[in-house]
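Working notes, beginning with the structure itself.
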Amino acid sequence: MKVLPQTFYWDKNVTRIAKNLLGKVLVTNIQGKKSRGIIVETEAYSYKERGCHAYNNKMTARNQIMFEKGGLAYVYLCYGIHHLFNVVTNGSGKAEAVLLRALQPVEGFAWMTHRMNTSSIKRITSGPGKLTKAMGIDRTFNGKDLITSEVCIEEGMKVNNKQIVTSARIGIDYAGPDAKLPWRFYLKDNEWISKV
DNA sequence: TAGAGGATTGAT
DNA sequence: TCAATCCTCTAC
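So, in structure tokens, the structure goes:
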């Protein structure tokens, strides 16, 4: 399977990338343990709106990766417990990213169930905090590039617009009116998307 | 330097 | 409905 080129992430329209990522395949290869999952749910974030860590171009120690050129991983800890995995997009200085919220596992079931401490593969990657754990992603992945490192994204299945459902993003009520932006995208009728 | 809160999850 | 749990940011 072909790895997406860095130019894929340089699109200036972050919501278009969020949609384009649906059907693509997230791959981790950690100490020889290969895991792969089709991306079935994403959310877009931009410095232009309040839901984003880098709102108003505010750079901090945590979010500085978002200001880099597209094609890097932005991983951070949420609620002190969960690692969330984002893909940095756009050019340098334009802080935008796509959060991966759910995967459909296709390879590495044994590693995933082991990491999740369960025997069932069901709903094992249906949520942003769960998919990082199942794939073995943690904060040490912050800033890694998505072309040559242990984590990358490959071309996957074709998705047409009719299969894509759009909705408001989850868990950012504090963002005021921006919380209502239709920037969450997922595959219609897919059983692997996160619980709402 | 202390205090508040968060792009979540799973158990109660 | 709520606790877990700790890093990050803000205010003092």
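Basically the numbering used here = 1-based index in the first sequence + 1. Where is the CB? At the ideal position from N, CA and C, for every residue including glycine.
The alpha carbon of residue 34 has as its nearest neighbour, out of 64, 110 and 85, the alpha carbon of 110.
In terms of CA proximity to residue 91, 17 leads the group 40, 17, 161 and 125. Below 8 Å, enough C-beta pairs join the segment 174-187 and the segment 37-53 to call them touching: three or more.
DSSP links residue 105 through a beta bridge to 39. The beta carbon of residue 47 is closer than 7 Å to those of 15, 53 and 97 in its chain, skipping five residues each way along the sequence. The residue from 195, 7 and 135 with its alpha-carbon nearest to that of residue 118 is 135. Around the Cβ of residue 82, a 10 Å sphere holds fewer than 16 other Cβ atoms; the residue is exposed. In terms of Cβ geometry, residue 108 and residue 37 form a close pair [threshold 7 Å]. Residue state for residue 148 is assigned as coil, using DSSP reduced to three classes. Contact check between the segment 59-66 and the segment 181-191: fewer than three CB pairs, one atom from each, fall below 8 Å, which does not count as touching. Of the candidates 93, 94 and 85, the residue whose Cα lies closest to the Cα of residue 100 is 85. Non-local beta-carbon contacts of residue 67 in its own chain, meaning distances under 6 Å to residues more than five positions away in sequence, involve 55, 75, 89, 96 and 98 in chain order.
Counting C-beta atoms within 10 angstroms of its own C-beta, residue 79 has fewer than 16 neighbours from the protein chains shown and is therefore classed as exposed.
Residue pairing of residue 169 in beta bridges, as defined by DSSP: absent, with no partner found. Cβ contact annotation for residue 164 (same chain, cutoff 7 Å, sequence separation greater than five): 188 and 189, in chain order. The bridge partners DSSP lists for residue 29 are 36 and 152.
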